[in-house]
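Here the protein sequences come in this chain order: A and B. Be aware that the first sequence starts at 1, since it is given in our numbering, and climbs by one per residue. Be aware that the second sequence starts at 96, since it is given in our numbering, and climbs by one per residue. What follows is one structure encoded as structure tokens, with my remarks underneath.
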Amino acid sequence: MEKLDKSIDVEKLCDLCKIELSSEEKEELFGDLQAITAFARTVAECPEEPFENGQSAFESKLREDIPENGGKREEYLSLAAESDGGYFSVLRVVE
Amino acid sequence: MKEIVKRTVREHASALRGGEYSARELCEAYLEKIEREDAALSAFLTVAREKALLFAEKADLLLKNGEGGALCGIPYGVKDNICTEGIATTAASKMLSDFVPTFNATAVERLCDVGAVMLGKTNMDEFAMGSSCESSAFKITRNPYDLSRSPGGSSGGSAAAVGASLAPFCLGSDTGGSVRCPSAFCSCVGLKPTYGTVSRNGLIAFSPSLEQIGPVTKNVFDNALVYSAIMGRDNKDATSRNGCPDLFSKMEEGAKGLRIGFSEELFSGDLDPEVKSATLAALRALEKEGAEIVPISLPSAKYAAAAYYIISSAEASSCLARYDGVRFGHRTEKKCESIEELFKKSRSEGFGKEVKRRITLGTYVLSEGYFDEFYNKALNAKRLVKGELRKAFEACDIILSPVSPILPPKIGEKRDPVSVYLEDRFCVLANISGIPAISVPAKRGEGALPVGIQLMAPEFCEDILYRAARALEVSYGAY
Chain A
1 MEKLDKSIDV EKLCDLCKIE LSSEEKEELF GDLQAITAFA RTVAECPEEP
51 FENGQSAFES KLREDIPENG GKREEYLSLA AESDGGYFSV LRVVE
Chain B
96 MKEIVKRTVR EHASALRGGE YSARELCEAY LEKIEREDAA LSAFLTVARE
146 KALLFAEKAD LLLKNGEGGA LCGIPYGVKD NICTEGIATT AASKMLSDFV
196 PTFNATAVER LCDVGAVMLG KTNMDEFAMG SSCESSAFKI TRNPYDLSRS
246 PGGSSGGSAA AVGASLAPFC LGSDTGGSVR CPSAFCSCVG LKPTYGTVSR
296 NGLIAFSPSL EQIGPVTKNV FDNALVYSAI MGRDNKDATS RNGCPDLFSK
346 MEEGAKGLRI GFSEELFSGD LDPEVKSATL AALRALEKEG AEIVPISLPS
396 AKYAAAAYYI ISSAEASSCL ARYDGVRFGH RTEKKCESIE ELFKKSRSEG
446 FGKEVKRRIT LGTYVLSEGY FDEFYNKALN AKRLVKGELR KAFEACDIIL
496 SPVSPILPPK IGEKRDPVSV YLEDRFCVLA NISGIPAISV PAKRGEGALP
546 VGIQLMAPEF CEDILYRAAR ALEVSYGAY
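Now the structure itself:
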């Protein structure tokens, strides 16, 4: 077994990802992340490649900045769990 | 004569135009087959029976007037992470179990425009994260060649449907082999197009810099027909481009004169002996048809899987942040004291295990202190692999490798995540470098499990890719 990577703080990661896990799930995830990051760390062995050689021929091509009539508010709101008076409805965030 | 539902897209197109059957009759034939056989296979999540019949009636009108494209009246299935107007699009996740899009993805819209007939939505790994179709929140799809085995993933439902003739073609999406792996396991032809040539508008995002929508078909010609119908620049996707303008004129030119690159690095590690022998047989078959086999070197290919998992998980952690139970998606019914709690409970209930694993991994590699060690190094590896591939393509036209190092695994087999991730090592090369790649069924004996041969070509060279794929198909007398 490789040395445990203490930098993996599952509690903090779950908090950042906004997910909750049971203690068994956290333990399993910790084990998985240990193995996956050990595997992922192999990219560090890769020699440095200057930017030019790997550049893609792709460039994002943005469309002209011309306003279009969206008019889809009702459509989008119809997908929300809750909406109220044309707004997405959430719990109170400001005391 | 072949049972009607076993026919290819091309055969249907000619029968429809010749008046042998109508689009409605054809649609009904597939709907009946799905009803009869999909209980054992679970390829479909939603069968849109009523809508399909409406599409078919519209196609019959177009056919009657001599309009519509080559795909007019041809039924098809769509992977459930591709938005379909008025038809549930769940990405096989509880998070989106109630999501009914109000618009069609561009690829679907283009198929509608030419009169193709959508039958329904196919099963997949949740949010396209997986390679066995077992991480779907709703059902486990089975391999039509052996029901105890996986059809591969993540577009497992699409490949199982085509493999079992429940649809003559399907759309899938390929982020790290998700069209090619299930195509290999279900004996289909699956294309991961050049990045940007198929609009991602309406594809539920997992890793936008890597993923592309691609067709799963019974043969190479059909694949080109579908790809030509869905590709091309779309204003709704800033990364979209026009693809190769002529896919067909070189298709029957054969293998003579083609330079096929073969790299030891893409033939390494644990490789099932049957995969090994099928791959070597494909190489020999092309050589016999007049292709030249060119040894090439891709020393950085060994970093590709790690780079892929870092980049794709990083993008997933960002893309899936939008699922918070507010704008759309699952919202917890538990009482919450704060918005933070609402987010956490909704996300924890909505996402499955593999999705949570990828989101946390992605968050880790993007977090302060680890960004350089992981994410930047992965981008460096990506550049290196791209550079090596570009150089390799100076010496060859096509690179040949296995699609997957394994045969279709048994459903429920316990496997550790790193081994599973490493099984994508041949496929991810095309995703991290943007080049097109195709899975073509290898010649197999009666009753043997399917094996896929991967062919890769330079960006925008789908014409050469299809030519090589067709030559391989012809070399063993398929279609």
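Cβ atoms here follow ideal geometry from the backbone N, Cα and C, with glycine treated the same way. Predicted, not measured: the structure shown is a model, and the values here were computed from it.
Starting from the beta carbon of A:E75, find every residue of chain B whose beta carbon is closer than 9 Å, and list them in chain order.
-> On the first sequence, position 75 is the one that residue 75 of chain A refers to. Those are T197, F198, listed as they occur along chain B.
Residues near A:F88 by beta carbon distance below 6 Å, same chain, minus five either side = For the purposes of this step, residue 88 of chain A is taken as the residue at position 88 of the first sequence. Closer than 6 Å at Cβ, skipping near neighbours: A80.
Closest Cβ-Cβ distance between A:V93 and chain B: below 8 Å?
-> By one-based count along the first sequence, residue 93 of chain A stands at place 93. A:V93 counts as touching chain B.
I think B:L214 touches B:V142, with their Cβ atoms under 8 Å apart; what is that distance to the nearest whole Å?
-> As a first step, residue 214 of chain B must be located in the second sequence, where it is residue number 119. As a first step, residue 142 of chain B must be located in the second sequence, where it is residue number 47. Yes, they are in contact, since the Cβ atoms of B:L214 and B:V142 sit about 7 Å apart, within 8 Å.
Is it true that the region 444–452 of chain B meets the region 184–191 of chain B, where meeting means three or more beta-carbon pairs spaced less than 8 Å apart?
-> yes
Distance between B:D193 and A:D84 (C-alpha atoms, nearest Å) | Counted from its first residue, the first sequence places residue 84 of chain A at position 84. Counted from its first residue, the second sequence places residue 193 of chain B at position 98. Their Cα atoms are separated by approximately 19 Å.
For A:E49, go through chain B and note every residue whose CB falls closer than 7 Å to its CB, in chain order.
-> In the first sequence, the residue the question calls residue 49 of chain A occupies position 49. The answer, in chain order, is N475, R478, L479, G482.
For B:V421, go through chain A and note every residue whose CB falls closer than 9 Å to its CB, in chain order.
-> Within the second sequence, numbered from 1, the residue matching residue 421 of chain B stands at position 326. Result: A80, A81, E82, F88, S89, V90.
Inside the region 268–311 of chain B only - alpha helix (DSSP H) runs reaching at least 4 residues | 275–280
Short-range partners of chain E found in the region 14–28 of chain A, where Cβ spacing is below 9 Å = No chain E appears in the structure shown, which is made up of the protein chains A and B.
Out of B:G291, B:C228, B:V480, B:L361, point me to the one whose CA is closest to B:D332's CA.
-> Position 237 of the second sequence, counted from the first residue, corresponds to residue 332 of chain B. Looking at the Cα atoms, B:G291 is the closest of the given residues.
Simplified DSSP state of B:G464, which is helix, strand or coil | Taking the first residue of the second sequence as 1, we reach residue 464 of chain B at position 369. In the structure shown, B:G464 sits in coil (DSSP, three-state: anything other than H, G, I, E or B).
In or out: B:G168 buried (at least 16 other Cβ within 10 Å) or exposed?
-> By 1-based counting over the second sequence, the position of residue 168 of chain B is 73. Burial call: buried.
Counting contacts by CB-CB distance shorter than 8 Å, is B:T141 in contact with chain A?
-> Here residue 141 of chain B corresponds to residue number 46 of the second sequence, with the count starting at 1. False, the Cβ-Cβ gap to chain A never drops below 8 Å.
Could you say which of B:A543, B:L206, B:G163 lies nearest to B:C178 if we only look at CA atoms?
-> Counted from its first residue, the second sequence places residue 178 of chain B at position 83. The option with the nearest alpha carbon to B:C178 is B:L206.
Alpha-carbon to alpha-carbon, B:A350 and B:I533 = Translated into positions along the second sequence, residue 533 of chain B becomes position 438. Translated into positions along the second sequence, residue 350 of chain B becomes position 255. One C-alpha to the other measures close to 16 Å.
Minimum C-alpha distance to B:E360 - residue among B:R379, B:F343, B:P390 | For the purposes of this step, residue 360 of chain B is identified with residue 265 of the second sequence, where counting begins at 1. The shortest C-alpha separation from B:E360 is found at B:P390.
Might you give, ordered along the chain, the residues of its own chain that have their beta carbon closer than 7 Å to the beta carbon of A:A57, omitting 5 neighbours on each side?
-> Locating residue 57 of chain A in the first sequence gives position 57, where the first residue counts as 1. Confidence is the limiting factor: at A:A57 the pLDDT is only 48, short of 50, which leaves the residue's position unreliable and the question unanswerable from this model.
Do you know offhand how far B:G356's Cα is from B:K486's?
-> Taking the second sequence and counting its residues from 1, one reaches residue 356 of chain B at position 261. Taking the second sequence and counting its residues from 1, one reaches residue 486 of chain B at position 391. Distance between the alpha carbons of B:G356 and B:K486 is about 11 Å.
Hey, out of B:S499, B:E123, B:E130, whose CA is closest to B:L149's CA?
-> As a first step, residue 149 of chain B must be located in the second sequence, where it is residue number 54. Checked all of B:S499, B:E123, B:E130; the closest Cα to B:L149 is B:E123.
Any chain B beta carbon closer than 8 Å to A:K61 = Translated into positions along the first sequence, residue 61 of chain A becomes position 61. Closer than 8 Å to some Cβ of chain B, the Cβ of A:K61 qualifies, so yes.
Contacts of B:D511 in chain A (Cβ-Cβ under 9 Å) = For the purposes of this step, residue 511 of chain B is taken as residue 416 along the second sequence, with counting starting at 1. Result: D32, A35.
Excluding five sequence neighbours on each side, which residues of the same chain lie with their C-beta closer than 8 Å to the C-beta of B:K505?
-> For the purposes of this step, residue 505 of chain B is taken as residue 410 along the second sequence, with counting starting at 1. The answer, listed in chain order, is S243, R244, S245.
Is the CB of A:I66 under 8 Å away from at least one CB in chain B?
-> Translated into the one-based positions of the first sequence, residue 66 of chain A becomes position 66. Taking Cβ atoms only, chain B never reaches closer than 8 Å to A:I66, which makes this a no.
Minimum C-alpha distance to B:K430 - residue among B:G424, B:S441, B:R422 = Counted from its first residue, the second sequence places residue 430 of chain B at position 335. If we check each option's Cα against that of B:K430, B:S441 comes out closest.
Would you say B:F264 and B:V104 are within 8 Å of each other, going by their C-beta atoms?
-> Within the second sequence, the letter at position 169 stands for residue 264 of chain B. Within the second sequence, the letter at position 9 stands for residue 104 of chain B. Going by C-beta atoms, B:F264 is nearer than 8 Å to B:V104.
Ordered along the chain, which non-local residues of its own chain (more than five positions away) have a Cβ less than 8 Å from that of B:F466?
-> Sequence index remark: in the second sequence, residue 466 of chain B carries index 371 (1-based). V460, listed in sequence order.
Using a C-beta cutoff of 8 Å, does A:A57 count as contacting chain B?
-> What you label residue 57 of chain A is simply residue 57 of the first sequence in a count that begins at 1. With a pLDDT of only 48 at A:A57, under 50, the local geometry of the prediction cannot be trusted, and the value read off the model is given with reservation. For A:A57, the answer is yes, since a Cβ of chain B falls inside 8 Å of its Cβ.
Return the first residue and the last residue of the beta strand (DSSP E) that A:T37 is part of.
-> As a working mapping, residue 37 of chain A is identified with position 37 in the first sequence. No beta strand (DSSP E) contains A:T37, which is instead part of the alpha helix (DSSP H) from 23–40.
Rounded straight-line distance, which links the Cα of B:T289 to that of A:G54 = Position 54 of the first sequence holds residue 54 of chain A. Position 194 of the second sequence holds residue 289 of chain B. Note on A:G54: pLDDT 49, under 50, position unreliable in the model; no value is reported.
At least 3 beta-carbon pairs within less than 8 Å: the region 539–558 of chain B vs the region 414–434 of chain B = no
Below-8 Å beta-carbon distance, B:K53 vs any chain A residue | Given that chain B is displayed from residue 96 to residue 574, the structure contains no residue 53 of chain B and the question cannot be resolved.
B:M326 bridges to which residues according to DSSP?
-> What you label residue 326 of chain B is simply residue 231 of the second sequence in a count that begins at 1. Answer is B:V293.
How about the region 496–503 of chain B and the region 521–536 of chain B: do they share at least three Cβ pairs that are nearer than 8 Å?
-> yes
Taking a cut of 8 Å between CB atoms, which residues from the region 277–305 of chain B lie near chain A?
-> Y290, G291
Using a beta-carbon distance cut-off of less than 7 Å, what residues from the region 310–335 of chain B approach chain A?
-> N330, A333, T334
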